[in-house]
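Chemist: Below is one structure. I have some questions about it.
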Amino acid sequence: MPEDTTTTTATAETEATGSDFITRAIEEDLKTGRYDRVHTRFPPEPNGYLHIGHAKAIYIDYGMAVAFGGKFNLRFDDTNPAKEEQEYIDGIIKDIAWLGADWEDRLFFASDYFEQLYEWAVQLIKAGKAYVDHLSADEIREHRGTLTEPGRNSPYRDRPVEENLDLFERMKNGEFAEGECVLRAKIDMAAPNINLRDPVMYRILHDEHPRTGDQWCIYPMYDWAHGQSDSIEGITHSLCTLEYEHHRPLYDWFIEQLGVYAPRQIEFAPFILSYTVLSKRRLIKLVNEGHVSGWDDPRMPTLAGMRRRGYTPEAIHTLMDLVGVSKANSVVDIALLEHCIRQDLNKRAERRMAVLRPLRVVIENYPEGQVEEVEAVNNPEDESAGMRKVPFSRVLYIEQEDFMENPPKKFYRLAPGREVRLRYGYFITCTGVVKDAQGNIVELRCTYDPETRGGYAPDGRKVKATLHWVSAAHAVQAEVREYDYLFTHEDPNVLQEGENFMKYLNPNSLQVVKPCYVEPSLAGAEPGSRYQFERLGYYCVDPDSSRDRPVFNRTATLRDTWAKVQQAQ
RNA sequence: UGGGGAGUCGCCAAGUGGUCAAGGCACGGGUCUUUGGAACCUGUAUACGUAGGUUCGAAUCCUACCUCCCCAGCCA
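Here the numbering used here is used: the first residue of the first sequence is 313, the next is one more, and so on.
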């Protein structure tokens, strides 16, 4: 009984990961026989780039299909040519593929169904369930009523079927200007649910459509296209966010009037992240006004931006697993996102040494001109990553913040007279500080202990700190871009009258650091490759890199307990 | 004031009448350490919106109330 086996497996898997209300609803539908299979879809509108919030929807849609051995479609809801562009279609496809959701050969467009939708509209008109309205947009709004008052019928509401048919045909044939008339469903202008007050089904748009060109000048509204598109594709579970909850009665109404196959819509809470904005309108504003370099700016919560920043699909997936699925309004702490990427990259990113804010160190007793190749572990979390050689010589760079002339209590890095270890190198002791005319520290004089090669003291003596370093003569110059949250407030929506979210834009969200010195193995690093710079954080090679001048985006810092100690002091 | 949703620790989130108050993040201690990373151990004696009620027993059932979110595009 292969079928039973499949069902059992799917159930076991979903139970193993903890079941959410959607999983339970689907299990119920399968058990009662409402559906005998699972088929979901992700329905983006190609009017912008996908962001981390969409990733949640994709993981739920695709994840449910996988969990139940079902299918998953990608369908663009391209019903508004005024706002949609091919660039966005391409970008969205790339992002979803990157996330790992697989729609196989089922890439669809709502525009594929324009003809069918048109026929169905005619069917509704014939049934006396739709009419052409000549009220202006303003008048329609006026007639709609308010949240507490019922609306009023349009004077055109009871036109004879024949007249509606004729008018609708002429709408399709381009005989009317934009805004002159619309097709409306005839439901109930007094319905408490405003979506049922004779919603517009078609409006006239003399716009070139990315896919259908100038074939149509009437375009279906989302509410008219969406449910039927799901129906056409045989979707069993139309999973969407909470905001569509009160559209469900309308979708059900259309399906019922048409007498076609009915999917089941289930709504879940949207994904919201602290310290960021996710509304398309706002993201577009950030891009258009130049507050970021583009949709893929590494500070952006877009998938394109996060990819460039160095985030992995796996980390995003883990985040969604941890966040879970519910109907409660919630804001996810951005610290959880950071935790996910650190956890992932800790396991897989190779380590390298990079000095971002260099301080020159001369090892006085190290022979001039001598160069040694020391062995360094590529990834202590993954033995198979192997080893590499790093050149060591008399003049090195260390991090400025790894030295203090007058160290406070818990600072145990380098200081005058103190001995520390250079990772994989030697123990060194600071013997002198060289300053410029302004009193700035420009160079450290040190001695090394030749007995400590590799970083071990044969006499067993300990040092409290291990520093990363780079040989000055061998270092590759690099640029590092450090990012902070784009907003200074955890909820950029907390605004007074007349303010807007730009109030919280973080002026220091990008800091370019250069020249930095990185170990020679990083020359020519491939854009997109990720590394952990020891003791600093995770970095991803930016496409702006050139062979002799790599550019790194800081994906995330390492957890920094010293920073906390400092803050506490 | 119409309709639709939601309220469990600082943030997510399990729990669906009987070891009930999971788990993760964050935060605090500690062990270990050639990354002040990672890993490991450990802590946060009143976290179940409020008030009643049903019951031997309620976060879980009932009633009322409170708070928050969404809806009045020819956007999706």
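All C-beta atoms in this analysis are idealised placements derived from N, C-alpha and C, irrespective of residue type, glycine included. Quantities reported herein were computed from a predicted structural model and do not represent experimental measurements.
Find out if the Cβ-Cβ distance for the pair Val-825, Gly-840 is shorter than 8 Å.
Modeler: Cβ atoms of Val-825 and Gly-840: not closer than 8 Å.
Chemist: Go through the stretch 611-653 residue by residue and report every complete run of the alpha helix (DSSP H) that reaches 4 residues or more, in order.
Modeler: For the stretch 611-653, whole alpha helix (DSSP H) runs of length 4 or above, ordered along the chain, are 615-621, 625-635.
Chemist: Pop quiz: Tyr-850 and Leu-657 are said to be a contact at Cβ under 8 Å. What is the actual Cβ separation, rounded to whole angstroms?
Modeler: At roughly 5 Å, the Cβ-Cβ gap stays under 8 Å, so Tyr-850 and Leu-657 are in contact.
Chemist: With a cut-off of 8 Å on the beta carbons, I'd call Gly-463 and Arg-456 a contact; round off their distance for me.
Modeler: With 8 Å as the limit, Gly-463 and Arg-456 qualify as a contact, their Cβ atoms being about 5 Å apart.
Chemist: Rounded to whole angstroms, what's the CA-CA distance from Thr-323 to Gln-435? Just pull it up for me.
Modeler: Only weak support exists for where Thr-323 lies, its pLDDT of 30 falling under 50; the value from the coordinates is given anyway. Their Cα atoms are separated by approximately 41 Å.
Chemist: Which residue wins for smallest C-alpha separation from Val-754, given the options Arg-672, Asp-803, Lys-815, Cys-742?
Modeler: Minimum Cα distance to Val-754 is reached at Arg-672.
Chemist: Give the secondary structure of Ala-324 by DSSP, where H, G and I count as helix, E and B as strand, and everything else as coil.
Modeler: Below a pLDDT of 50, predicted positions are generally treated as unreliable, and Ala-324, at 30, falls in that range; no measurement from the model is reported.
Chemist: On the premise that Tyr-514 lies in contact with Met-483, defined as a C-beta separation below 8 Å, what is that separation, rounded to the nearest angstrom?
Modeler: So it is a contact: roughly 7 Å between Cβ atoms.
Chemist: With H, G and I counted as helix, E and B as strand and the rest as coil, what does DSSP make of Phe-333?
Modeler: Here Phe-333 sits in helix by DSSP.
Chemist: So, His-549 versus Ile-401, is the Cβ gap smaller than 8 Å?
Modeler: No, these two residues do not count as a Cβ contact at 8 Å.
Chemist: Helix, strand or coil for Asp-348 per DSSP?
Modeler: In the structure shown, Asp-348 sits in coil (DSSP, three-state: anything other than H, G, I, E or B).
Chemist: Where does Ser-586 sit, in a helix, a strand or coil, going by DSSP?
Modeler: Reduced to three states, the DSSP call for Ser-586 is coil.
Chemist: Taking just the CA atoms, how far does Phe-388 sit from Leu-817?
Modeler: Rounded to whole angstroms, Leu-817 to Phe-388 spans 32 Å at the Cα level.
Chemist: Taking its Cβ as the centre, do 16 or more other Cβ atoms sit within 10 Å of Arg-733, making it buried, or is it exposed?
Modeler: The residue is buried, with at least 16 neighbouring Cβ atoms inside 10 Å.
Chemist: Rounding to the nearest angstrom, what Cα-Cα distance links Pro-467 and Pro-613 in this structure?
Modeler: Straight-line Cα distance between these residues: approximately 47 Å.
Chemist: Below 8 Å between beta carbons: does that hold for Glu-831 and Arg-706?
Modeler: For Glu-831 and Arg-706, no; Cβs fall outside 8 Å.
Chemist: Using only alpha-carbon positions, find the residue among Asp-714, Glu-454, Lys-438 that is nearest to Asn-476.
Modeler: Ranking Asp-714, Glu-454, Lys-438 by Cα distance to Asn-476 puts Lys-438 first.
Chemist: Measure the Cβ-Cβ separation of Arg-523 and Asp-390 and say whether it is below 8 Å.
Modeler: Yes, they are a contact pair.
Chemist: Would you give the residue range spanned by the beta strand (DSSP E) that Asn-385 belongs to?
Modeler: Here the beta strand (DSSP E) through Asn-385 covers 383-388.
Chemist: Express the C-alpha separation of Ser-857 and Gly-681 in angstroms, rounding to a whole number.
Modeler: Gly-681 and Ser-857: Cα-Cα distance of roughly 31 Å.
Chemist: By DSSP's criteria, Ala-549 is part of a beta bridge. Which residues make up the other side?
Modeler: In the sequence as displayed, the identity of residue 549 is His instead of Ala. His-549 is bridged to Arg-576.
Chemist: What span of residues does the beta strand (DSSP E) with Trp-781 cover, start to end?
Modeler: Element bounds for Trp-781: 781-783.
Chemist: I need the DSSP call for Thr-319, collapsed to helix, strand or coil.
Modeler: Confidence in Thr-319 is poor, its pLDDT being 30 and thus under 50, which makes the residue's placement unreliable; the coordinate value appears in the next sentence. Helix.
Chemist: So, under 8 Å CB-CB, Phe-799 and Tyr-623 are touching, yes? Tell me the CB distance rounded to an integer number of Å.
Modeler: Incorrect: roughly 18 Å between the Cβ atoms, too far for contact.
Chemist: Beta carbon of Pro-355, beta carbon of His-538: below 8 Å?
Modeler: Result yes, Cβ atoms of Pro-355 and His-538 sit closer than 8 Å.
Chemist: Return the CA-CA distance between Lys-815 and Lys-383, expressed in angstroms with no decimal places.
Modeler: Cα-Cα distance, rounded: 44 Å.
Chemist: Just the C-alpha distance for Val-666 and Asn-641, rounded to the nearest angstrom, thanks.
Modeler: Checking the sequence shown, residue 666 turns out to be Ala, not Val. Computed Cα separation, rounded: 42 Å.
Chemist: Leaving aside the five residues before and after Thr-320 along the sequence, list all residues of the same chain whose C-beta is less than 8 Å from its C-beta, in chain order.
Modeler: Because Thr-320 sits at a pLDDT of 29, beneath the cut-off of 50, its placement in the model cannot be relied upon, and the following sentence gives the value as read from the coordinates. Taken in chain order, the list of residues that qualify is empty.
Chemist: How big is the Cα-Cα spacing for His-363 and Ser-591?
Modeler: Cα to Cα, His-363 sits roughly 9 Å from Ser-591.
Chemist: Quick check: Gly-766 and Tyr-795, are their CB atoms within less than 8 Å of each other?
Modeler: No, the pair does not count as a contact, with Cβ atoms beyond the cut-off.
Chemist: Check whether the Cβ atoms of Leu-495 and Ala-433 sit closer than 8 Å, and answer yes or no.
Modeler: Yes; because the gap between Cβ atoms is below 8 Å, this pair is in contact.
Chemist: For the stretch 768-783 and the stretch 709-725, state whether three or more C-beta atom pairs, one from each stretch, are separated by less than 8 Å.
Modeler: Enough Cβ pairs lie closer than 8 Å, so yes.
Chemist: Quick check: the Cα distance between Thr-630 and Cys-652, rounded to an integer number of angstroms?
Modeler: Approximately 6 Å, taken between the alpha carbons.
Chemist: Distance check for Leu-459 and Pro-504, CA to CA, integer angstroms please.
Modeler: If you take the alpha carbons of Pro-504 and Leu-459, they lie about 8 Å apart.
Chemist: State the CB to CB distance for the pair Val-643 and Ile-740, rounded to an integer number of angstroms; the pair is presumed to be in contact (CB under 8 Å).
Modeler: That pair is no contact at about 47 Å.
Chemist: Is Lys-701 helix, strand or coil by DSSP?
Modeler: Looking at Lys-701 - three-state DSSP - the assignment turns out to be strand.
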